[in-house]
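Here is the structure we will look at.
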Amino acid sequence: METTRRAESFFTIMRRIRKNKMALFGTYIVLAFVGIAIFAPWISPYSPTAQDYTVSLQGPTWAHPFGTDIYGRDVLSRVIYGARISLGISFVAVLVSVIIGTILGAIAGYFGGALDEIIMRTFDVFLAFPTILLAIAIIAILGPGMVNIAIAIAVYSIPQFARVSRGTVVSVKANEYVEAARSIGEGKWSILMRYILPNSIAPIIIQATLRMATAILSIAGLGFLGLGVQPPTPEWGSDLSLAMTYIQVAPYLGIFPGLAVFLVTMGFNYFGDGLNDALNPKLKDR
Amino acid sequence: MSNFILRRLLLLIPIFIGVSILSFLMMHLIPGDPARIMAGQDATYQEIQSIRVEFGLDKSLPVQYVLFMKGVMDGSLKSIKTQRPVLKEIYPRFLNTLELSLVSIVISAFLGLGFGIVAAVKHNSWLDNLVMGFSLFGISMPVFWLGILLIIVFALILGWLPAAGKGGIQHIILPSITLGMATSAIIARMTRASMLQVMNQDFIRTADAFGIPQRKIIYKYTLKNALIPVVTVIGLQFGYMLGGAVLTESVFGWPGLGRFIVDSIFARDYPVVQVGIMLIALTFVLVNLLVDITYAFLDPRIRRR
Amino acid sequence: MNDEVILSVRNLKIHFDTEEGEVKAIENVNYDLRKNETLGIVGETGSGKSVSAYAVMGLIPQPPGRILGGEIIFKEKDLLKVKKDEMRKIRGNEIAMIFQEPMTSLNPVFTIEEQMLDILRAHGFSKKDARLKSIEALEKVKMPDPKLVLKKYPHELSGGMRQRVMIAMALSCEPSLLIADEPTTALDVTVQAQILKLLKRMQEEYNMSVLLITHDLGVVAQNCDSIAVMYAGNIVEYGSAEQIFERGMHPYTKGLLKAIPPLEEKTEKLNVIPGVVPNLIYPPQGCRFHPRCGRATRGKCDVEIPTLEEIKDDPGHKLACFNPYGG
């Protein structure tokens, strides 16, 4: 099993990523958007919420390279600020899911028995709902809002991380050095922390990267349905939903927010895929 | 074989119950008084009381759950907005979603298998790289954005196809492509990976060593083995489509169940939301069961157990 | 036995490109196989014995494999120069091969019948003839109730049964050369003996030549007329069974002879010779065996490469060693 192999040197992995052009491309896109999110106030030409009815629904011009929406707001500025919302919420949601999911999965896998059954069967019920539907249901319960969206994403991501970490734990547990540690009397928690969790890191990171992509798609999807971040906060999905209303007169409005969602998602997917190849090189060579 | 199916069916029961309980509990997880939430902000005390009695909200939770399930079955659970039985409201929309998902899955299975096989056979060639690159592209494409782009190009600029609504064949083309894009990419990747894995197996080397023609090795000996995990993915994807269709339905104004659920959330028509979500989740689980059974038919090793 | 040479391998050299470097799997291999003869190729894992057999079958994947030189003459044709399509017609028809793992060598999702018919039909038999032929082949390998076996899936048969099916598949087109790659390694001892006996009988019945590849000199002893001992990509000793068993002179051959397990015991590996097969990316200078050899001399064995030469007073017995036993 790949996952049971001792961690390879960081540099070997980095070298492989650098050799993989797609992964590198993904990394650059992700870094670019992180930069845009952080420096939004300095690089955006206008305030994302400033209305100016004198320039309502203008196509791309020098003053407004991405055009303006029905309220005369600058689309470029809204796309730039949208990166903050999208990356911010997805990062928090995925981080929370990683922590909770990994721990629960590790506990289920390590201790096994009834505890394992209870945890994993409960997650099975959650996994019975298609992800976007589960998110919609949670928003229907909690109402829209950034924190609730993060919760919705976390609820369907936690079981995924739990599955990954449980799987690794079960396979690592059978390994010799864990046996050895057990035989010299190390405690369960200490073994879990010192030997098993470090081995789960690679698959968890890959999963987290790919989950970031799903989270970004969900945020925009909920926004598009009107169940996400509420206007006037700049959010790519809800801006696209607004664009749909005026698609006959201003089709350009439907381009840029969607392009942003697409690029970030692709960045994370390419990066995650490259990371996967770098950590499991044999699979690629076949 | 029948034993296998029976056991899988039995396993369904706890998940069915879990899903229905979760859908039922939805109303009670909402902070505040469910009766007041259902009645809306401007409701009078009498209206709230009548809803409380109508939905049995004054009874204990287990009793309410039984009443809820009974109401779903016998039609006494009604949509707040239209006062018609919830299932009657949901059924035609569910069929619309099913129609869209079926067309989409057929298209994407066809494309995904084709591209996946080509990529595997031409492993490491430019064609393989193209398919792989394009598939990540397809997975990253937000469905609603793809829908918007298709509308701009094919409805607004070229004027070939309608932008929205449901009617003849021309109405289903853009929505089904939109819904199927990511799925065909996933199926292509899965097919490729599975084919490559099988090509490395001893029995393929055996077939080669006995001079079986190359075409037969690929399309018979490899493909049938490789299909087993792919069928699983196709089934799972079909399940996801039923729920994920909501975005496509929104873009194209397709009168499906997903869109109906979202509209009902805005209208605070909670019985519709609960039953709609429950129905999609149950269908999803059922599809997964069918996938398992198909799997057993394809793989004689499982069939015997 | 008659003297007609059916297969002649000359100066074969095969390397593999891997991420770590070039694996020099086969350096210089020469042998002849006569009609009705059984030649055993013996060596540890990594000696190149299987690679040489795969080369005869035209089953070396290229890349990563690179056939750098040599000839494989089968019935006056150089198989290394034969076109792919033509090679496909020879494989399974004139040259057949059976493999080590009967568990994984049969396609799990098709019945035995489906797989046997496909082979025969690939070599020009009609559907009806193919069916008769496959039943006949199963009868020949003493399979009880062939018609029932045809309807079975591989997982419904035991390991020994599966290997019998493999042999029946190999015999169904009546090949003139059969390559058996560790045919009994994965089986338990009693079944091993049965399968070896079966192979011997089939060889006589079908007038086949057999190339038997194994790590177990014990297997060779019962079945082979001639023996080639391979080490790290080279044949180090070659001769008749009698010559190798009675007068084996190479230190490696001696080591293998000492390692023959008693018949009733099944061992996976030979542990008697100290050390391991060298890394073939950076093979040792000089004689490739010298790091493990008790008789190696400094300045000779670690510098010069010994060539395979006939021993003066023992016609047909060839040796590649500077310090042989009894030399």
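Chains as they are written, first to last, in our numbering: chain A, 434 to 719; chain B, 6 to 310; chain C, -1 to 325.
For glycine and all other residues, C-beta sits at the position ideal for the given N, C-alpha and C.
Residue i: which of the options sits nearest, CA to CA?
i	options	result
S106 of chain B	B:R273, B:R210, B:I270, B:A250	B:A250
D15 of chain C	C:P59, C:N34, C:N26, C:G46	C:P59
F215 of chain B	C:H13, C:S45, C:V40, C:G56	C:G56
P173 of chain C	C:T182, C:V189, C:A135	C:A135
I285 of chain B	A:I569, A:G546, A:G705, A:Q593	A:I569
I282 of chain B	A:S477, A:L567, A:G459	A:L567
W669 of chain A	A:S616, A:D502, A:I574, A:A635	A:D502
M31 of chain B	B:V280, B:L303, B:M146	B:V280
G324 of chain C	C:N91, C:N277, C:K252, C:E307	C:K252
A125 of chain B	B:I192, B:K83, B:Q69, B:F159	B:I192
T237 of chain B	B:S255, B:Y96, B:W165, B:A301	B:A301
V588 of chain A	A:R615, A:S530, A:G600	A:S530
H288 of chain C	C:G314, C:E307, C:C319	C:C319
A516 of chain A	A:A483, A:L708, A:F695, A:R596	A:F695
L658 of chain A	B:L72, B:W150, B:N205	B:W150
P276 of chain C	C:A23, C:V40, C:T182	C:A23
D312 of chain C	C:Y236, C:L37, C:A257, C:V301	C:Y236
K298 of chain C	C:Y250, C:E307, C:P282, C:I309	C:P282
I20 of chain B	A:D557, A:V508, A:I518, A:S671	A:D557
State buried or exposed for residue i, treating a residue as buried only when at least 16 other CB atoms are found within 10 Å of its CB.
i	result
M434 of chain A	Confidence is the limiting factor: at M434 of chain A the pLDDT is only 31, short of 50, which leaves the residue's position unreliable, though a coordinate-based value still follows. Exposed, since its Cβ has fewer than 16 Cβ neighbours within 10 Å.
I552 of chain A	buried
L716 of chain A	Bear in mind that the predicted position of L716 of chain A carries a pLDDT of just 44, short of 50, making it unreliable; the figure below should be weighed with that in mind. That one is exposed.
F472 of chain A	exposed
S50 of chain C	buried
W622 of chain A	exposed
F115 of chain B	exposed
H248 of chain C	buried
R286 of chain C	buried
V256 of chain B	buried
S124 of chain C	exposed
Y461 of chain A	exposed
Y543 of chain A	buried
L146 of chain C	exposed
Y275 of chain B	buried
M626 of chain A	exposed
L11 of chain B	exposed
Under 8 angstroms Cβ-Cβ, which residues of chain B neighbour residue i?
i	result
L104 of chain C	F208, T211
L658 of chain A	V251, L252, S255, V267
A120 of chain C	F215, G216, I217, P218, K221
V558 of chain A	I20, G23, V24, L27
M455 of chain A	G138, L141
Name the chain B residues that come within less than 7 angstroms of residue i, Cβ to Cβ?
i	result
Y703 of chain A	L141
L650 of chain A	P147
A561 of chain A	I20, V24, A286, F289, V290
A135 of chain C	What A135 of chain C touches in chain B: nothing, since even the nearest Cβ is about 13 angstroms away.
A653 of chain A	P147
Roughly how far, in whole angstroms, is the beta-carbon of residue i from the beta-carbon of residue j, given that I think they are within contact range, below 8 angstroms?
i	j	result
A239 of chain C	A219 of chain C	7 angstroms
I177 of chain C	M95 of chain C	4 angstroms
L194 of chain C	V217 of chain C	6 angstroms
N232 of chain C	V7 of chain C	Contact doesn't hold; Cβ gap of about 13 angstroms is too wide.
A583 of chain A	A539 of chain A	Incorrect: roughly 23 angstroms between the Cβ atoms, too far for contact.
R194 of chain B	G45 of chain B	47 angstroms between Cβ atoms; not a contact.
Chain C partners of residue i, CB-CB under 9 angstroms?
i	result
L303 of chain B	V107
Residues of chain B with a CB under 9 angstroms from the CB of residue i: which are they?
i	result
E99 of chain C	D207
M55 of chain C	D213, A214
Does the ligand GTP have even one heavy atom less than 7 angstroms from the beta-carbon of residue i?
i	result
T16 of chain C	Only the bare structure without any ligand can be found here, which leaves the ligand GTP out of the picture.
List, in order along the chain, the chain A residues whose C-beta lies closer than 7 angstroms to that of residue i?
i	result
G80 of chain B	Within chain A, no residue comes near G80 of chain B; the closest Cβ sits about 23 angstroms away, beyond 7 angstroms.
L34 of chain B	I574
Check the Cβ of residue i against every Cβ in chain A and list those closer than 8 angstroms, keeping chain order.
i	result
Y96 of chain B	Near Y96 of chain B there are no residues of chain A at all, since even the closest Cβ is about 18 angstroms away, more than 8 angstroms.
Y245 of chain B	P563, T564
I270 of chain B	I569, I572, A573, L660
Hey, does residue i have any beta-carbon neighbour from chain F nearer than 8 angstroms?
i	result
L161 of chain B	You won't find chain F in this structure, because its protein chains are A, B and C.
Counting only Cβ-Cβ distances shorter than 7 angstroms, please list the residues of the stretch 214 to 232 of chain B near chain C, keeping chain order. Across the stretch 214 to 232 of chain B, CB contacts with chain C closer than 7 angstroms involve A214, F215, G216, I217, P218, K221, Y226, K229, N230, in sequence order along the chain.
Between the stretch 275 to 298 of chain B and chain A, which residues of the former have a C-beta closer than 7 angstroms to a C-beta of the latter? Hits within the stretch, in order: V278, I282, I285, A286, F289, V290.
In chain order, what residues of the stretch 630 to 645 of chain A put their CB closer than 8 angstroms to some CB of chain B? If the cut-off is 8 angstroms between Cβ atoms, the stretch 630 to 645 of chain A has nothing near chain B.
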